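Trainee: Sharing a structure below in C-alpha coordinates format, with a few things to ask.
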Amino acid sequence: MELQHLRAFREVARELSFTRAAHNLHYSQPAVTAQIKGLEEDMGASLFQRRGNRSVELTPAGARLRPLAEQILELVETAQYEIADPAPVTANGRTAADRRMTSPDRRMTPLGRGTSRLGQSRATGSRLGDRGGRA
-19 MELQHLRAFR EVARELSFTR AAHNLHYSQP AVTAQIKGLE EDMGASLFQR
31 RGNRSVELTP AGARLRPLAE QILELVETAQ YEIADPAPVT ANGRTAADRR
81 MTSPDRRMTP LGRGTSRLGQ SRATGSRLGD RGGRA
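For the sequence shown, the working numbering gives the first residue as -19, with consecutive numbering after it.
Listed below in C-alpha coordinates is the structure:
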(Lines of atoms letter the chains of each structure in order from A and count residues from 1; the text may use other names and numbers.)
(Lines give C-alpha, C1' and ligand atoms only; values in the text may rest on other atoms or scores of the structure.)
Protein backbone atom coordinates (compact mmCIF):
# COMPACT_ATOMS: atom_id res chain seq x y z
CA MET A 1 0.00 0.00 0.00
CA GLU A 2 1.41 3.36 -1.05
CA LEU A 3 0.70 6.70 0.60
CA GLN A 4 -0.13 8.16 -2.82
CA HIS A 5 -2.79 5.49 -3.21
CA LEU A 6 -4.32 6.54 0.11
CA ARG A 7 -4.16 10.22 -0.81
CA ALA A 8 -5.94 9.54 -4.09
CA PHE A 9 -8.49 7.37 -2.28
CA ARG A 10 -9.15 10.10 0.30
CA GLU A 11 -9.76 12.69 -2.41
CA VAL A 12 -12.00 10.49 -4.53
CA ALA A 13 -13.96 9.55 -1.39
CA ARG A 14 -14.39 13.24 -0.54
CA GLU A 15 -15.40 14.31 -4.04
CA LEU A 16 -17.12 11.11 -5.18
CA SER A 17 -15.63 11.87 -8.58
CA PHE A 18 -12.38 10.75 -10.16
CA THR A 19 -12.31 13.86 -12.36
CA ARG A 20 -12.71 16.36 -9.50
CA ALA A 21 -10.26 14.39 -7.35
CA ALA A 22 -7.69 14.48 -10.17
CA HIS A 23 -8.16 18.24 -10.54
CA ASN A 24 -7.72 18.79 -6.77
CA LEU A 25 -4.59 16.60 -6.67
CA HIS A 26 -3.15 18.15 -9.87
CA TYR A 27 -3.03 14.70 -11.50
CA SER A 28 -4.52 13.40 -14.70
CA GLN A 29 -7.73 11.42 -14.32
CA PRO A 30 -6.05 8.22 -15.62
CA ALA A 31 -3.33 8.64 -12.96
CA VAL A 32 -5.95 8.78 -10.19
CA THR A 33 -7.71 5.77 -11.67
CA ALA A 34 -4.40 3.87 -11.65
CA GLN A 35 -3.79 4.85 -8.00
CA ILE A 36 -7.23 3.55 -7.00
CA LYS A 37 -6.80 0.33 -9.00
CA GLY A 38 -3.47 -0.26 -7.26
CA LEU A 39 -5.06 0.27 -3.85
CA GLU A 40 -7.97 -2.01 -4.73
CA GLU A 41 -5.47 -4.71 -5.72
CA ASP A 42 -3.54 -4.23 -2.46
CA MET A 43 -6.77 -4.40 -0.44
CA GLY A 44 -8.26 -7.25 -2.42
CA ALA A 45 -11.58 -5.43 -2.65
CA SER A 46 -13.40 -2.93 -4.81
CA LEU A 47 -13.52 0.44 -3.01
CA PHE A 48 -15.83 2.39 -5.32
CA GLN A 49 -18.97 1.57 -7.25
CA ARG A 50 -18.90 3.46 -10.52
CA ARG A 51 -22.20 5.11 -11.49
CA GLY A 52 -23.26 6.06 -14.98
CA ASN A 53 -23.20 9.83 -14.50
CA ARG A 54 -19.39 10.07 -14.03
CA SER A 55 -19.68 9.83 -10.26
CA VAL A 56 -18.88 7.07 -7.81
CA GLU A 57 -20.00 5.88 -4.40
CA LEU A 58 -18.08 4.02 -1.73
CA THR A 59 -18.57 0.28 -1.47
CA PRO A 60 -18.86 -1.20 2.04
CA ALA A 61 -15.11 -1.93 1.90
CA GLY A 62 -14.42 1.65 0.83
CA ALA A 63 -16.57 2.99 3.65
CA ARG A 64 -14.56 0.91 6.15
CA LEU A 65 -11.26 2.05 4.67
CA ARG A 66 -12.11 5.77 4.60
CA PRO A 67 -11.66 6.58 8.33
CA LEU A 68 -8.57 4.38 8.50
CA ALA A 69 -7.01 6.13 5.51
CA GLU A 70 -7.76 9.50 7.12
CA GLN A 71 -6.04 8.40 10.34
CA ILE A 72 -3.02 6.99 8.53
CA LEU A 73 -2.53 10.15 6.47
CA GLU A 74 -3.00 12.39 9.52
CA LEU A 75 -0.35 10.39 11.40
CA VAL A 76 2.06 10.65 8.48
CA GLU A 77 1.48 14.40 8.19
CA THR A 78 1.96 14.83 11.95
CA ALA A 79 5.19 12.82 11.84
CA GLN A 80 6.49 14.87 8.92
CA TYR A 81 5.67 18.10 10.75
CA GLU A 82 7.25 16.96 14.01
CA ILE A 83 10.43 15.69 12.38
CA ALA A 84 10.85 18.61 9.99
CA ASP A 85 10.39 21.21 12.74
CA PRO A 86 11.38 19.65 16.07
CA ALA A 87 10.18 21.67 19.03
CA PRO A 88 12.77 22.51 21.68
CA VAL A 89 12.39 20.60 24.93
CA THR A 90 11.77 22.75 28.00
CA ALA A 91 13.32 22.28 31.45
CA ASN A 92 10.46 19.98 32.51
CA GLY A 93 11.02 17.73 29.49
CA ARG A 94 7.92 18.88 27.59
CA THR A 95 7.79 20.38 24.15
CA ALA A 96 5.52 23.08 22.84
CA ALA A 97 3.65 20.31 21.00
CA ASP A 98 3.09 18.52 24.35
CA ARG A 99 1.60 21.68 25.80
CA ARG A 100 -0.66 22.18 22.77
CA MET A 101 -1.91 18.60 22.93
CA THR A 102 -2.62 18.62 26.65
CA SER A 103 -3.90 22.13 27.23
CA PRO A 104 -7.33 22.08 28.90
CA ASP A 105 -8.89 24.15 26.15
CA ARG A 106 -7.90 21.68 23.39
CA ARG A 107 -8.70 18.40 25.19
CA MET A 108 -7.95 16.46 22.03
CA THR A 109 -4.93 14.98 20.33
CA PRO A 110 -4.23 15.99 16.72
CA LEU A 111 -6.36 13.03 15.62
CA GLY A 112 -9.25 14.16 17.78
CA ARG A 113 -9.17 11.16 20.10
CA GLY A 114 -7.19 9.59 22.88
CA THR A 115 -7.43 12.14 25.61
CA SER A 116 -10.17 13.21 27.90
CA ARG A 117 -10.47 16.33 30.01
CA LEU A 118 -7.25 18.00 31.11
CA GLY A 119 -5.10 15.87 28.81
CA GLN A 120 -5.42 12.58 30.67
CA SER A 121 -5.09 9.42 28.67
CA ARG A 122 -8.31 7.42 28.63
CA ALA A 123 -6.39 4.15 28.52
CA THR A 124 -4.03 4.69 31.45
CA GLY A 125 -5.37 7.68 33.35
CA SER A 126 -1.89 9.23 33.22
CA ARG A 127 -1.24 12.74 32.03
CA LEU A 128 0.11 13.06 28.53
CA GLY A 129 3.66 14.33 28.54
CA ASP A 130 4.53 12.51 31.79
CA ARG A 131 7.88 10.81 31.59
CA GLY A 132 7.07 8.16 34.18
CA GLY A 133 8.03 10.24 37.22
CA ARG A 134 5.79 11.85 39.81
CA ALA A 135 4.75 15.46 39.65
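A virtual CB, placed ideally from N, CA and C, is assigned to each residue, including glycine.
Predicted model only: the values in this text are computed from it and were never measured.
Alpha carbon to alpha carbon, what distance is there between T58 and E20?
Mentor: 26 Å
Trainee: Whose C-beta lies closer than 7 Å to the C-beta of R31 among residues of the same chain, with five residues either side of it excluded?
Mentor: E37
Trainee: Within a Cβ cutoff of 6 Å, which residues of the same chain sit near N4, ignoring the five residues on either side of it in sequence?
Mentor: E(-9)
Trainee: What's the C-alpha gap between M23 and Q51?
Mentor: M23 and Q51 have their alpha carbons spaced roughly 17 Å apart.
Trainee: Are the CB atoms of T13 and S26 nearer to each other than 7 Å?
Mentor: no
Trainee: Helix, strand or coil, according to DSSP, for R(-13) in the structure here?
Mentor: helix
Trainee: Look up L53 in the DSSP assignment and say whether it is helix, strand or coil.
Mentor: helix
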